[in-house]
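Residues in the sequence shown are numbered consecutively from 1089, following our numbering. We put the beta carbon where it would ideally sit given N, CA and C, even for glycine. Since the structure is predicted, the reported quantities are computational estimates derived from the model, not experimental observations. Some notes on the structure that comes next.
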Amino acid sequence: MPEVSPKKFSTQQELLDTLILKPTDKWSNIQKTSEYIDYYTRGIYIGHGFGLRWNAEGKLKVAFYL
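Here's what the structure looks like:
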C-alpha cells in the first residue's frame, strides 16, 4: 500500500483511487450515508453472511449474520 497524505486529496474518491490496486480491486467504494441506509436498512438483505455495524464507541465493525 502506498504511503499517502490524505490532506493532498480534495475528495475521498481521489484518495481511494490512489490506494486501491487496479484492476484487481473491484470491491472498494465510497458511499453516501443516505445511500447506505437506503440499501441496508430499507432493502432486502442478500449477501455473503456479513455486514457492517457501528458499535457504542463509534467504531465500524464487521457484523456476522446467522
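The residues T1106 and L1107, in chain order, have a CB closer than 8 Å to that of P1090 in the same chain once the five nearest residues on each side in sequence are set aside. Excluding residues up to 5 positions away in sequence, K1149 lie with their Cβ nearer than 8 Å to the Cβ of N1143 in the same chain.
A direct Cα-Cα distance of roughly 20 Å separates D1113 from F1097. Put simply, of P1111, V1092, R1141 and S1093 the residue whose alpha carbon is nearest the alpha carbon of Y1124 is R1141. In this structure, the beta-carbon distance from I1118 to L1104 falls below 7 Å.
Of all alpha-carbon atoms in T1129, Q1101 and V1092, the one lying nearest the alpha-carbon of S1116 is that of Q1101.
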